[in-house]
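Take a look at the structure set out below.
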Amino acid sequence: MSSVFLIGNIVDSGKIYGNSDPVKDIFQRIVKESSKVKTIDADITQEIQESGSPIQVFKGRYRVDSKGRFRIDYNEPGKQIVLQNEKGLYWYYPDDNMVYQAKKEGAERKVQINPLSEFKKGLEERFEVRSIGKQVYGFFVIAERFVVIDKVKGDTILIWVEKEKNIVLKKILRDKNNREIMKEVYSGYKIINDINLPTVIDVSARTDRGITRSTTYYRNIRLNKKLAKKIFYMDFPSNVERRTFDE
Amino acid sequence: MNKDVIKIFVSIIIFLTAGGVFAREREENRETEKPLIVTSIQLKGKTVKINTQDIENKSGQLSKEEVKRIVADITKRYRKRGYAAAYVDEVIIRNDGILVISIHETKVVAVRVRGAEKKTTINTDLEKVLLPEKGEVFNRFLLEKRIELAKKGFELESIKINLKETETGDMIINVLVEEKSPGEFYGQISMDMSYGITPMVGYFYLFRRSALDTNVLLSIRDDELSRVEANINYYIFRDELPKAVFFGLNFRRITDIWQSRETNYTTTSVTPVVGARHNTGIIYYGLFLSEIISFPKDYPGFDNAIYDTRLTFDIKISDKDLLLDPREASYLRLSLSAGWDNLNKIPYGIALLKAETSYFPLLWLRFTPKIQSRATTSVERFYWSYVYDETFLGFFDDYTASRFKNTAGLDIEIEAAKGLLYIGPLINCGYFLNEENNWIFKTGTGLKSSITISGITILLYYAWDITKNPKEGGFYFMAEGKF
Numbered sequence: 006m007s008s009v010f011l012i013g014n015i016v017d018s019g020k021i022y023g024n025s026d027p028v029k030d031i032f033q034r035i036v037k038e039s040s041k042v043k044t045i046d047a048d049i050t051q052e053i054q055e056s057g058s059p060i061q062v063f064k065g066r067y068r069v070d071s072k073g074r075f076r077i078d079y080n081e082p083g084k085q086i087v088l089q090n091e092k093g094l095y096w097y098y099p100d101d102n103m104v105y106q107a108k109k110e111g112a113e114r115k116v117q118i119n120p121l122s123e124f125k126k127g128l129e130e131r132f133e134v135r136s137i138g139k140q141v142y143g144f145f146v147i148a149e150r151f152v153v154i155d156k157v158k159g160d161t162i163l164i165w166v167e168k169e170k171n172i173v174l175k176k177i178l179r180d181k182n183n184r185e186i187m188k189e190v191y192s193g194y195k196i197i198n199d200i201n202l203p204t205v206i207d208v209s210a211r212t213d214r215g216i217t218r219s220t221t222y223y224r225n226i227r228l229n230k231k232l233a234k235k236i237f238y239m240d241f242p243s244n245v246e247r248r249t250f251d252e
Numbered sequence: 028m029n030k031d032v033i034k035i036f037v038s039i040i041i042f043l044t045a046g047g048v049f050a051r052e053r054e055e056n057r058e059t060e061k062p063l064i065v066t067s068i069q070l071k072g073k074t075v076k077i078n079t080q081d082i083e084n085k086s087g088q089l090s091k092e093e094v095k096r097i098v099a100d101i102t103k104r105y106r107k108r109g110y111a112a113a114y115v116d117e118v119i120i121r122n123d124g125i126l127v128i129s130i131h132e133t134k135v136v137a138v139r140v141r142g143a144e145k146k147t148t149i150n151t152d153l154e155k156v157l158l159p160e161k162g163e164v165f166n167r168f169l170l171e172k173r174i175e176l177a178k179k180g181f182e183l184e185s186i187k188i189n190l191k192e193t194e195t196g197d198m199i200i201n202v203l204v205e206e207k208s209p210g211e212f213y214g215q216i217s218m219d220m221s222y223g224i225t226p227m228v229g230y231f232y233l234f235r236r237s238a239l240d241t242n243v244l245l246s247i248r249d250d251e252l253s254r255v256e257a258n259i260n261y262y263i264f265r266d267e268l269p270k271a272v273f274f275g276l277n278f279r280r281i282t283d284i285w286q287s288r289e290t291n292y293t294t295t296s297v298t299p300v301v302g303a304r305h306n307t308g309i310i311y312y313g314l315f316l317s318e319i320i321s322f323p324k325d326y327p328g329f330d331n332a333i334y335d336t337r338l339t340f341d342i343k344i345s346d347k348d349l350l351l352d353p354r355e356a357s358y359l360r361l362s363l364s365a366g367w368d369n370l371n372k373i374p375y376g377i378a379l380l381k382a383e384t385s386y387f388p389l390l391w392l393r394f395t396p397k398i399q400s401r402a403t404t405s406v407e408r409f410y411w412s413y414v415y416d417e418t419f420l421g422f423f424d425d426y427t428a429s430r431f432k433n434t435a436g437l438d439i440e441i442e443a444a445k446g447l448l449y450i451g452p453l454i455n456c457g458y459f460l461n462e463e464n465n466w467i468f469k470t471g472t473g474l475k476s477s478i479t480i481s482g483i484t485i486l487l488y489y490a491w492d493i494t495k496n497p498k499e500g501g502f503y504f505m506a507e508g509k510f
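In order, the protein sequence lines correspond to chains G and L.
Going by this note's numbering, the first residue of the first sequence is number 6, and it counts up by one from there.
Going by this note's numbering, the first residue of the second sequence is number 28, and it counts up by one from there.
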């Protein structure tokens, strides 16, 4: 929904986040709720579409922990293993004995289930949070809207939340010219282990290839199960061919 | 693989000379073909990160054939990684049994670009993109990727590569660029409710500080030409691109139906126009003055030339360019015109308001409410607009015109195939003054589908009067794109 020009939006004067502030309380509650997720083990289906290209479908198993390490074992369209740990990001093709590695993941491959992970630390020091009113969202949902200004990077993030359920509905990152750079839509919320979790995450992002859209569907979610540390690391065969993502 | 990349490979001087083996054996072994006693293998000249540990760990008795296979394996590994110009230069067995395989990693020492005439800075900028660091080992994968990025980044039509070997065995990349034509064709074909099947083709050409936009359309209704129109507009940009003054000329020959009088009339008109516009990306506004000189034929009550001087203010607001998904965009347009002509003989006004927005309650479900209103103070049929157009579907073969028309509609769209096919119902209502000056309310409904492939959008509607049988409805279509 285009928020800027929709007739009928009620935009508050912008109450700035401060101590003992209802705005702060709502936001912190949601950050806290999101932080209850420590590990996820789920089956995923990803539909990825780049501008002008047909949709590619990937299926596999996704595991992630609270340290930001993740592993995806894709079985469709072919066997691929994606790992991210503190050493970097690795994309391994066992059938070709080839691994791509990089230090930074691309936005279109981002697979994260905690919508507010970037606000867990340094919320007060780094971000300025304002409430900008309510808006109808979906069917019969009244969403609270916040604008978060990153004082370090200068980015603006718009966030829609359903405060009664402490869940994030949508997040949009805008540049200084108010152009959308990335959009994340969270839907299909289910309660698993008393935690409200989105089972569908739709991400759109501007890349150097145009606009890329990725929709990830999560099924058979096992939450906060103990995951062995070793699954996020892999000793590749000694004769594996190594490439960077540039090649 | 695209044509440019294929051309690159045709041009590449391939250093695959016979597997790149220039083995120099010790005098003692040349004659006898005895196996070599190798204590270890050393790869001299290797700087790139290719895994050759297994090769370097080899030792023992190696026949000439085995050495050749090792050399071929090394070459193959280089090729697979894109180092297409690297080769084994020399193979020597030292007295200590170390087999030294010398690899020549061809380095790129220079990139020379030519061909950019409109934007000459491309020549130097492209050199930096294709060769960020002089002396890097030639890699065709990397070069391909940089070429693709450069084509997109510099908006080039093509980049042709020619590789030249230097005396020292290094490489110079000669690049010939072809800039994109600043012109672009665009077109559409639609089913206009009033005038019939209407193909339109246009051409837009961008000069350094100006632009030319021309288009031609014609309409066929009941196997006859109901409309021919040609437009030419020339824009002169001021300090910044969004600001422009423009001059234009419109030619039109159009046959209109006066439904209540059961008659047709044809108007041939020529309209010079001059104006100014400003576009901030979200808000567009323009002011223009036109002199519409019309020659009506069979217009009841008036058969002289009509001279109409009209001033128009037009403003459009849309956030389409800011959004990741243009389908989420909202749009508002207001156009106000005031004029004087020898048909009305008094000043007249025309106002047009259009607004549309989108709401996604679910990712795959879109609601698009829209409104349109057009009103004129003129009592002359000549200035009225047809009631039933693409904003008010469901009524075919009805050419009622109105002085004051209001329509509102709602499209509901389901994403049947992601990013490709959308279908859903529509409903639209109209409240208008008919030709007998009575207010009439009507509702049409129907089904809509749209498909977008490779930048071309095709819309297909089936709509009918909600008070009648759906079988009495009809189709409306439109296809538009740039090419």
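The beta-carbon is built from N, C-alpha and C at its ideal position, and this holds for glycine as well.
Since this is a predicted model, take the numbers as computed values, not measurements.
- TYR311(L) and GLU499(L) have their alpha carbons spaced roughly 41 Å apart.
- If one requires a minimum length of 4 residues, the alpha helix (DSSP H) runs lying completely within the segment 133-209 of chain L are 148-157, 167-180, in chain order.
- When C-alpha distances from CYS456(L) are compared across SER481(L), LEU447(L), PHE419(L), GLU442(L), the shortest belongs to PHE419(L).
- Residue pairing by DSSP puts PHE504(L) in a beta bridge opposite LEU487(L).
- Going by DSSP, LYS64(G) is part of the beta strand (DSSP E) stretching over 61-70.
- In summary, the residues of the segment 178-200 of chain G whose CB is separated from some CB of chain L by less than 9 Å are ARG179, ASN182, ASN183, ARG184, GLU185, ILE186, MET187, LYS188, VAL190, SER192, in the order they occur in the chain.
- Around the Cβ of TRP491(L), a 10 Å sphere holds 16 or more other Cβ atoms; the residue is buried.
- Buried is the label assigned to THR472(L), since at least 16 other Cβ atoms lie within 10 Å of its Cβ.
- Counting along the chain, GLN80(L) sits inside the alpha helix (DSSP H) bounded by residues 80-83.
- Using a CB distance cut-off of 8 Å, GLY143(G) counts as an interface residue toward chain L.
- When rounded, the separation of the alpha-carbon atoms in SER243(G) and THR79(L) is 10 Å.
- DSSP lists no bridge partner for SER90(L).
- According to DSSP, LYS195(G) shares a beta bridge with LEU202(G).
- If you draw a straight line from the Cα of GLU92(L) to the Cα of LEU63(L), it comes to about 11 Å.
- Between the beta-carbon of TRP391(L) and that of ILE439(L) there is about 12 Å, and that puts the pair past the 8 Å contact cut.
- Taking 7 Å as the upper bound on Cβ-Cβ separation, chain L lies near no residue of the segment 63-91 of chain G.
- When only Cα atoms are considered, THR249(G) and ASP78(G) end up about 20 Å apart.
- In the three-state reduction of the DSSP assignment, LEU370(L) falls in the coil class, being assigned neither a helical nor a strand state.
- When the beta-carbon positions are compared, ASN306(L) and PRO269(L) come within less than 8 Å of each other.
- Between the alpha carbons of SER246(L) and LEU437(L) lies a gap of roughly 28 Å.
- In this structure, DSSP gives VAL98(L) a helical state, which the three-state scheme calls helix.
- Beta-bridge annotation (DSSP): ASN277(L) is paired with ASN258(L), THR298(L).
- Within chain G, the residues SER243, ASN244, VAL245, GLU246, ARG247 have their CB atoms less than 8 Å from the CB of ASN78(L), given in chain order.
- The continuous beta strand (DSSP E) containing TYR222(G) extends over residues 215-228.
- Excluding its 5 nearest sequence neighbours in each direction, ILE86(G) has C-beta neighbours in its own chain below 6 Å: ASP78, TYR97, listed in chain order.
- By the CB criterion at 8 Å, ALA271(L) and ARG265(L) fall inside the cutoff.
- Taking PRO497(L) as the centre and dropping the five residues before and after it, the same chain places the C-beta of TRP491 closer than 6 Å to its C-beta, in chain order.
- By the neighbour-count criterion, in which 16 or more other beta carbons inside 10 Å mark a residue as buried, GLY366(L) falls on the buried side.
- According to the DSSP secondary-structure assignment, ILE342(L) is paired through a beta bridge with TYR312(L), LEU361(L).
- For ALA332(L), same chain residues with a beta-carbon under 6 Å away, outside a window of 5 residues either side, are PHE322 in chain order.
- For GLY446(L), at least one C-beta of chain G is nearer than 8 Å to its own C-beta.
- Taking each of MET239(G), PHE145(G), ASN182(G), GLY93(G) in turn and checking the Cα distance to THR161(G), the smallest one comes out for ASN182(G).
- Neighbours of LYS107(L) across chain G, judged by C-beta separation under 9 Å: GLU246.
- Residues of the segment 348-374 of chain L with a C-beta less than 8 Å from any C-beta of chain G: ASP348, LEU349, LEU350, LEU351, ASP352, GLU355, ALA356, SER357, LEU359, listed in chain order.
- Rounded to the nearest angstrom, the gap between the Cα atoms of ILE319(L) and THR298(L) is 4 Å.
- Against LEU158(L), chain G offers no close residue; the least beta-carbon distance is about 15 Å (beta-carbon pairs closer than 8 Å).
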